[in-house]
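Enquirer: Pasting in a structure now, in structure tokens, and then I'll have a few things to ask.
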Amino acid sequence: MDIKIFKDLNEIGRAAADIMVSHISSHGKTVLGLATGASPLSTYKNLIKDYENGKVSFKSVISFNLDEYCSIPASDKNSYNTFMHRELFDHIDIPEENIHIPDGNPEDPSAFCAQYDEMIKNAGGIDIQLLGIGNNGHIGFNEPSDTFKKGTFIVNLSESTVQANMIYFNSPEEMPRRAVTMGIGSIMQAKEIILLAGGKAKAQAVRDMLKGDITPLCPASILREHPNAHIFLDRNAASLI
Ligand code: PGA
-5 MDIKIFKDLN
5 EIGRAAADIM
15 VSHISSHGKT
25 VLGLATGASP
35 LSTYKNLIKD
45 YENGKVSFKS
55 VISFNLDEYC
65 SIPASDKNSY
75 NTFMHRELFD
85 HIDIPEENIH
95 IPDGNPEDPS
105 AFCAQYDEMI
115 KNAGGIDIQL
125 LGIGNNGHIG
135 FNEPSDTFKK
145 GTFIVNLSES
155 TVQANMIYFN
165 SPEEMPRRAV
175 TMGIGSIMQA
185 KEIILLAGGK
195 AKAQAVRDML
205 KGDITPLCPA
215 SILREHPNAH
225 IFLDRNAASL
235 I
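All residue numbers for the sequence shown refer to the working numbering, where the first residue is -5 and numbers rise by one.
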């Protein structure tokens, strides 16, 4: 594991964007696994800056997002579809047809989940997967549980996640309680992983991920078994390791 400690999330974002841009520049076609939340924001700002400066084009990039809320439409201001367009896709030249974000309200959930995994496979698998980490050690929306889930699935969000993400909604009742997420198996198949964590609230989860048992009770701990994972932390997130 490549564990690096940075001053803050801005520095982390630069380092993560550098890895992605250099892969795109040297390989052309690149499949990116993308994440939402506060942690990847500075990565996206740097990707946009590099695009605007002519350093990179996203024309041959294919993206798959980790997760999406159920029970709100894709057009909702709090959907991850809206987030990704607002924070990244609307500002770069990625073709709309190359963007994949899970459908939070599929008619046939199990068929949709199987199809999402199949689409990732057909695209050649994920080259670089960006991840945040939840205060409870979740990655994507793989909440602490008694098994590591293989493929994409529908999950009941944990109380900790509901509390952490409620701040984005007008009222607690509006916060969805279910989501569709890539499973741990899908995440672990990515050829390279970059996990980003900043702030004191992540310090215990980071400690559990790096120093505790490898257990589905701390889903991020499985990343220790990944052959090419970068863990980029700011000083606060790294304060307990
Ligand atoms: P955050 O969330 O980036 O908003 O801190 C990360 C996560 O919950 O996975």
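The beta carbon of each residue, even a glycine, is placed where N, CA and C say it ideally should be.
Quick caveat: nothing in here was measured; it's all calculated off a predicted structure.
Tell me where the beta strand (DSSP E) around Q183 begins and ends.
Expert: Premise fails: Q183 is in no beta strand (DSSP E) and is neither H nor E.
Enquirer: Below 7 Å, is the gap between the Cβ of S33 and the nearest heavy atom of ligand 1?
Expert: With a threshold of 7 Å, the Cβ atom of S33 counts as near ligand 1, since some heavy atom of the ligand is closer than that.
Enquirer: Is I127 near ligand 1 - that is, is its Cβ less than 7 Å away from at least one heavy atom of it?
Expert: yes
Enquirer: If I'm right that N136 touches G98 with Cβ under 8 Å, what's the distance once you round it to whole angstroms?
Expert: Between G98 and N136 the Cβ distance is about 16 Å, and since that is not below 8 Å, they are no contact.
Enquirer: Answer yes if the segment 181 to 198 comes into contact with the segment 215 to 234, meaning at least three C-beta pairs across the two stretches below 8 Å, and no otherwise.
Expert: yes
Enquirer: What I want to know is whether the C-beta of A231 ends up closer than 7 Å to one or more non-hydrogen atoms of ligand 1.
Expert: no
Enquirer: Rounded to a whole number of angstroms, what is the C-alpha to C-alpha distance between N40 and M182?
Expert: 25 Å
Enquirer: Report yes or no: is there a C-beta of chain B within less than 8 Å of the C-beta of A184?
Expert: Going by chain labels, chain B is absent from the structure shown, which holds only one protein chain.
Enquirer: If you draw a straight line from the C-alpha of D12 to the C-alpha of L125, how long is it?
Expert: 16 Å
Enquirer: From S65 to M113, what does the alpha carbon distance come to, in whole angstroms?
Expert: 23 Å
Enquirer: Please report the Cβ distance between N129 and K49, rounded to the nearest whole angstrom; I am assuming they are in contact, meaning their Cβ atoms lie under 8 Å.
Expert: Going by Cβ atoms, the distance from N129 to K49 rounds to 34 Å, so no, they are not a contact pair.
Enquirer: Could you pull the DSSP bridge partners for T175 from this structure?
Expert: D61 and F147
Enquirer: For D70 versus A173, is the C-beta spacing smaller than 8 Å?
Expert: no
Enquirer: Measure the CB-CB distance between N59 and Y74 and report whether it falls below 8 Å.
Expert: yes
Enquirer: Quick check on DSSP: helix, strand or coil for K1?
Expert: coil
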